[in-house]
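This report refers to the structure that appears directly beneath it.
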């Protein structure tokens with residue numbers, strides 16, 4: 001199951017730090033839990049948003065999986081030194097690929 005995750009950050013500087021330091025650390029953490037990261041982008045236009053496309057293992061419950069990852073020591077280490085109050089919003093959407101999608 002794919003999930004699009006959109007994080008709104010407090011400022012351009014917070015977005016830069018979150019993307020380049022903390023989300024970059026998530027790549028290996030997510031992989032250790034079986035989550036594939038297909039891409040991580042920052043939104044053009046000054047909206048201070050980071051967008052990520054991830055893929056959960058077959059049969060996984062995304063909500064339960066997210067809780068388990070976020071409760072891990074690895075995730076805590078990823079987020080060390082970051083004030084989570086600087087994340088103003090997180091939007092998520094579960095995505096089902098079409099039969100012709102190049103990413104499945």
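Residue numbers (this note's numbering): 1 to 104.
All C-beta atoms, glycine included, are put in the ideal place defined by N, C-alpha and C.
These figures come from a predicted structure and were not determined experimentally.
>> Short of 6 Å in beta carbon distance, which residues of its chain neighbour residue 65, apart from the five on each side in sequence? Order them along the chain.
In response: The answer, listed in chain order, is 56.
Touching or not, the stretch 11 to 23 and the stretch 66 to 75, by the rule of three or more beta carbon pairs under 8 Å?
-> In this structure the stretch 11 to 23 does not touch the stretch 66 to 75; the number of beta carbon pairs closer than 8 Å is below three.
With a threshold of 7 Å on Cβ separation, who are the neighbours of residue 22 within its own chain once the five nearest residues in sequence on each side are excluded? Only residues of its own chain outside the window of five on either side were considered, and among them 78, 79, 82 have a CB closer than 7 Å to the CB of residue 22, listed in chain order.
By the three-class DSSP mapping on this structure, what secondary structure does residue 42 have? The answer is strand: DSSP assigns residue 42 an E or B state.
| message | Please report the straight-line C-alpha distance between residue 25 and residue 98, rounded to a whole angstrom. | response | Cα-Cα distance, rounded: 30 Å.
ask   = DSSP puts residue 8 in a beta bridge; with which residues?
value = Residue 8 is bridged to 49, 89.
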